[in-house]
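Per the numbering used here, residue 91 is the first one in the sequence shown, and the count goes up by one each step. All C-beta atoms in this analysis are idealised placements derived from N, C-alpha and C, irrespective of residue type, glycine included.
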Amino acid sequence: MGEITESIALEIDERRARHPGRPDLELLEHLLVAVQRERVAAVGYDTARLGERLARSPLPERARRSVARAVGQIWLDENMHARYLLGMLLRQPDLATRLGAERQSAEGGVGGWMTSVEQHATWGDAPAERLAAALVDAGGRLSGRIPEAVRSSLTYAPLRAWCAFSIDAEDSAVISFERMLALSAEVLAMPSAELALPEGFAQELARMRRDELAHSRLFGVIGGMLGDDDGFAPGCDAEALDAALEAIERELSLPAAGHRAVGSSHPVGGGGVVAVARGEGDAEKLVTFDRALDESGFDEAVARRVAASGRRPEEARVAIKVDLMLAWHRRDPSSHVDPQLVERMVERLRSRGYRDIVVCDAQNVYARFFGNRDIASVGRYVGLSAEGYRLVDLADEQVPHSFARAMGVYSVGRSWRDADARVSFATLKTHPSAVAQLCLRNAGTVIPQTGEYFFSDRLTDFTHLVTAVLHDLPPHFGVIDGYSWAADGLLGVMADPTPRHPGIVIAGEDVLAVDHVALQLMGERDPYRAPDLRAALACFGDAMARTELRGDLTPIEGWSAADSGLLSAPLAALAEPVYARFGGRGAVFVPDLDPAAFPPIGETTALRAARRFMRALLGIGGR
Numbered sequence: 091m092g093e094i095t096e097s098i099a100l101e102i103d104e105r106r107a108r109h110p111g112r113p114d115l116e117l118l119e120h121l122l123v124a125v126q127r128e129r130v131a132a133v134g135y136d137t138a139r140l141g142e143r144l145a146r147s148p149l150p151e152r153a154r155r156s157v158a159r160a161v162g163q164i165w166l167d168e169n170m171h172a173r174y175l176l177g178m179l180l181r182q183p184d185l186a187t188r189l190g191a192e193r194q195s196a197e198g199g200v201g202g203w204m205t206s207v208e209q210h211a212t213w214g215d216a217p218a219e220r221l222a223a224a225l226v227d228a229g230g231r232l233s234g235r236i237p238e239a240v241r242s243s244l245t246y247a248p249l250r251a252w253c254a255f256s257i258d259a260e261d262s263a264v265i266s267f268e269r270m271l272a273l274s275a276e277v278l279a280m281p282s283a284e285l286a287l288p289e290g291f292a293q294e295l296a297r298m299r300r301d302e303l304a305h306s307r308l309f310g311v312i313g314g315m316l317g318d319d320d321g322f323a324p325g326c327d328a329e330a331l332d333a334a335l336e337a338i339e340r341e342l343s344l345p346a347a348g349h350r351a352v353g354s355s356h357p358v359g360g361g362g363v364v365a366v367a368r369g370e371g372d373a374e375k376l377v378t379f380d381r382a383l384d385e386s387g388f389d390e391a392v393a394r395r396v397a398a399s400g401r402r403p404e405e406a407r408v409a410i411k412v413d414l415m416l417a418w419h420r421r422d423p424s425s426h427v428d429p430q431l432v433e434r435m436v437e438r439l440r441s442r443g444y445r446d447i448v449v450c451d452a453q454n455v456y457a458r459f460f461g462n463r464d465i466a467s468v469g470r471y472v473g474l475s476a477e478g479y480r481l482v483d484l485a486d487e488q489v490p491h492s493f494a495r496a497m498g499v500y501s502v503g504r505s506w507r508d509a510d511a512r513v514s515f516a517t518l519k520t521h522p523s524a525v526a527q528l529c530l531r532n533a534g535t536v537i538p539q540t541g542e543y544f545f546s547d548r549l550t551d552f553t554h555l556v557t558a559v560l561h562d563l564p565p566h567f568g569v570i571d572g573y574s575w576a577a578d579g580l581l582g583v584m585a586d587p588t589p590r591h592p593g594i595v596i597a598g599e600d601v602l603a604v605d606h607v608a609l610q611l612m613g614e615r616d617p618y619r620a621p622d623l624r625a626a627l628a629c630f631g632d633a634m635a636r637t638e639l640r641g642d643l644t645p646i647e648g649w650s651a652a653d654s655g656l657l658s659a660p661l662a663a664l665a666e667p668v669y670a671r672f673g674g675r676g677a678v679f680v681p682d683l684d685p686a687a688f689p690p691i692g693e694t695t696a697l698r699a700a701r702r703f704m705r706a707l708l709g710i711g712g713r
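Okay, here's the thing in structure tokens:
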């Protein structure tokens, strides 16, 4: 048992003695500490700084990729843990508990940054950051906020020493979660507890314990093969590292050494052909759309998936997840997918013998504040006829599902789950905190977005939801409509008074690669700064290494990113925290929905004024 684990074991005994007969109060203390601990790990394991250090190491490129991706997956897990624990505590009725959770999370973020800088950056490489980290370190030591067991490890040392430190930290988390798991059963048995536990809490504690055990093993593999110079120890090489990582790959879903993290038949991360078709004007729209599907192998991709299911085309179900439910007014078609293109795809499928075709989406937060926000009503409003296909609201057919890569999510729409072939049909639009909303994010919205995954008390981040859907129930094909109406700028995802008309359709069998190409066309020099794409890279590997590009990849002229411009950049940075904490749980930040089609629900005079002010401030108009 390491020094950190020993200190945590002593703390566990002290809490048990401090709260005899009150498992709820003891569990609350554990949870508050766990929020800080998981946040330290979530920030400290960020692979950007580790990648810089690996680039300076004598390891071969193959080994660097393996280590970076392995730690990247751990980083995703720790972020997921931190978010769940913080969200659970922010749902408690006691204000002191909520404030304490916020403080612990903030301290953990600062501590994780300080730890990362001190362990991976030298004074010569980053003097300003090292000075800032040293000041934080000094303050933490003087105030007693940095545990004695950790202090000696806050220094630049060989990577194998960092791995040993990380093993000890992960092992300490294991025994902490074990104690919390035992306490949770006692709390649930209490007639009146100070702590409200969410659905599936014990299941999630067991999951976090299992994750930490796997993380410890992974750091053991990496550290055991490194020498003091951050290169391989004698007798070790990239092949041996890959073999050892693959031994625990199933537990962590790691893309070891650039190989697929999932089976070869899994469509995400597999690459393949991505086609970019271009046209001009409405007269060429359908021809351009057809060409994109032809050149990307749409018909063949669907046929392969259906054949793999053992069904004939007339027996198979094809689900097309469309970006529809953000539609708000006919004057802004950029908010939703082009119905003409959707029905063109349906016609194409029917001509090849498919009969059970589902066009689906799930309700979002607008349904809480406006009437007629089911998919049938919204679909009719934008011009979807439902002829030759079914319009399905996934919110109305949720069935239990245990996701391998998400916490706090326990159901999904039946039509998407049971489809033999799935298509993510997105629109080309920016997003202030996610960079863009494309095929990956569109797939994530098969889970209804009525508020559970956006606000400060959420149990999971939307990016984790996206990777969970991609892992368990992935699209088998992706299409992005960027032809007639494409929303750029700060709030493209919500509304765009001046949309672009790029004349572009992007299509491919791998939605990760399709989104990567779309972001390049949107002018992104580093598409992986988009959190959805970055998380998908960690889970599924680098699709672009296996992708064949067809078409003109010249960036769209005049396209504005969500954070481009002197004012847009800070607004984009503030968008997520402001929306999550000060948006009235989505009530204030809504566009000016057509009142004849979607009448407001419970809109007070004050709320109406707040909405008008927000629209005017952000330049998206309104009544």
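Exercise for the section: Go to lysine 411, then tell me how far its beta strand (DSSP E) extends in each direction, as first and last residue. Expected result: Position 321 of the sequence shown, counting from 1, holds the residue named residue 411. Start and end: 407 to 412.
At 3 residues or longer, what runs of the beta strand (DSSP E) sit wholly inside the region 353 to 410?
Runs found: 362 to 368.
- Query: Grouping DSSP H, G and I as helix and E and B as strand, with all else coil, what is phenylalanine 544?
  - Reply: In the sequence shown, the residue the question calls residue 544 occupies position 454. DSSP places phenylalanine 544 in coil when its eight states are reduced to three.
Worksheet entry | Contacting residues, own chain, Cβ-Cβ under 6 Å from glutamate 84 (five flanking each side not counted) | The shown model of the chain, from 91 to 713, leaves out residue 84, and the question about it has no answer.
Exercise. Which value, in whole angstroms, describes the spacing of the CA atoms of glycine 478 and glutamate 168?
Worked result: Here residue 478 refers to the residue found at position 388 of the sequence shown. Here residue 168 refers to the residue found at position 78 of the sequence shown. Glutamate 168 has its alpha-carbon roughly 45 Å from the corresponding atom of glycine 478.
Inset, instruction - Report yes if the CB atom of glycine 400 is closer than 8 Å to the CB atom of alanine 452, and no otherwise. - result: The residue you call residue 400 lines up with position 310 of the sequence shown. The residue you call residue 452 lines up with position 362 of the sequence shown. With contacts defined as CB atoms closer than 8 Å, glycine 400 and alanine 452 fail to qualify as a contacting pair.
Could you check whether the Cβ of alanine 138 sits closer than 7 Å to any heavy atom belonging to the ligand COA? Among the ligands in the structure shown, none appear at all, so the ligand COA cannot be discussed.
- 6 Å Cβ shell around alanine 382 - same chain, five flanking residues per side excluded: Position 292 of the sequence shown, counting from 1, holds the residue named residue 382. Closer than 6 Å at the Cβ level, and outside the excluded window around alanine 382, lie Ala365, Ala367, Val595 and Ala597.
Could you tell me how far apart the beta carbons of valine 583 and threonine 520 are, in whole angstroms, since I believe they sit closer than 8 Å?
-> Residue numbering aside, residue 583 sits at position 493 when the sequence shown is read from its first letter. Residue numbering aside, residue 520 sits at position 430 when the sequence shown is read from its first letter. Rounded, the Cβ-Cβ distance is 7 Å, consistent with contact.
**Prompt:** So the beta strand (DSSP E) arginine 438 belongs to, where does it begin and stop?
**Reply:** Against the sequence shown, residue 438 aligns to sequence position 348. No beta strand (DSSP E) contains arginine 438, which is instead part of the alpha helix (DSSP H) from 429 to 441.
- prompt: On the premise that valine 408 lies in contact with valine 392, defined as a C-beta separation below 8 Å, what is that separation, rounded to the nearest angstrom?
  reply: The count along the sequence shown starts at 1 and reaches residue 392 at position 302. The count along the sequence shown starts at 1 and reaches residue 408 at position 318. Yes, valine 392 and valine 408 are in contact; Cβ-Cβ is about 6 Å, under 8 Å.
Checklist entry - Using a Cβ-Cβ cut-off of 6 Å (strictly less than) and excluding sequence neighbours within five positions of alanine 577, which residues of its own chain qualify? => result Position 487 of the sequence shown holds residue 577. Closer than 6 Å at the Cβ level, and outside the excluded window around alanine 577, lie Ser424, Lys519, Asp586 and Pro589.
| Span of the beta strand (DSSP E) holding cysteine 629? | Looking up residue 629 in the sequence shown gives position 539. Taken as a continuous stretch (DSSP letters only), cysteine 629 belongs to no beta strand (DSSP E), being part of the alpha helix (DSSP H) at 621 to 630.
* To do: For glycine 201, collect the residues of the same chain with a Cβ closer than 6 Å to its Cβ; drop the 5 residues on either side in sequence, then sort them by chain order.
  => As a working note, residue 201 is residue 111 in the sequence shown. Same-chain partners within the cutoff: Val130.
Going straight from the alpha carbon of leucine 602 to that of aspartate 571, what length do you get?
Sequence index remark: in the sequence shown, residue 602 carries index 512 (1-based). Sequence index remark: in the sequence shown, residue 571 carries index 481 (1-based). Using only the alpha carbons, I get a separation of about 16 Å.
- Message: Which of the three DSSP states is assigned to asparagine 532 in this structure?
- Response: The residue you call residue 532 lines up with position 442 of the sequence shown. Residue state for asparagine 532 is assigned as helix, using DSSP reduced to three classes.
Item checked: Limits of the beta strand (DSSP E) - the one that arginine 495 falls within -> Taking the first residue of the sequence shown as 1, we reach residue 495 at position 405. Arginine 495 -> no beta strand (DSSP E), and no H or E assigned at all.
Counting beta carbon pairs with one atom in the region 158 to 167 and one in the region 527 to 547, are three or more of them shorter than 8 Å? Here the region 527 to 547 does not lie against the region 158 to 167, with fewer than 3 beta-carbon pairs under 8 Å apart.
Point to revise | Option nearest valine 311 by Cα separation, candidates Asp428, Asp301 and Cys326 | key: For this step, residue 311 is matched to residue 221 along the sequence shown. The shortest Cα separation from valine 311 among Asp428, Asp301 and Cys326 belongs to Cys326.
| field | Close beta carbons around aspartate 209, own chain, < 6 Å, minus the five adjacent residues each side | value | The sequence position of residue 209 within the sequence shown is 119, counting from 1. Looking at the sequence provided, one finds glutamine at residue 209 rather than aspartate. Around glutamine 209, the same chain offers Trp252 as residues with beta carbons nearer than 6 Å, after the five sequence neighbours per side are excluded.
Contiguous beta strand (DSSP E) assignments of at least 3 residues, all confined to the region 546 to 579: Complete beta strand (DSSP E) runs here, min 3: 567 to 572.
Out of curiosity, what's the CA-to-CA distance linking valine 240 and leucine 100? Locating residue 240 in the sequence shown gives position 150, counting from the first residue. Locating residue 100 in the sequence shown gives position 10, counting from the first residue. Valine 240 and leucine 100 have their C-alpha atoms roughly 15 Å apart.
*Apart from the five residues on each side of it in sequence, which residues of its chain come closer than 8 Å, Cβ to Cβ, to leucine 697?*
By one-based count along the sequence shown, residue 697 stands at place 607. Closer than 8 Å at Cβ, skipping near neighbours: Gly674, Ala677 and Val678.
* Would you report the Cα separation of serine 233 and glutamate 96, rounded to the nearest angstrom? -> By 1-based counting over the sequence shown, the position of residue 233 is 143. By 1-based counting over the sequence shown, the position of residue 96 is 6. About 22 Å.
* **Host beta strand (DSSP E) of arginine 640 (start-end)** => Translated into positions along the sequence shown, residue 640 becomes position 550. Per DSSP, arginine 640 is one residue of the beta strand (DSSP E) stretching across 637 to 641.
In whole angstroms, what separates the C-alpha of tyrosine 543 from that of glutamine 610? As a position in the sequence shown, residue 543 is number 453, starting the count at 1. As a position in the sequence shown, residue 610 is number 520, starting the count at 1. Cα to Cα, the separation comes out at about 28 Å.
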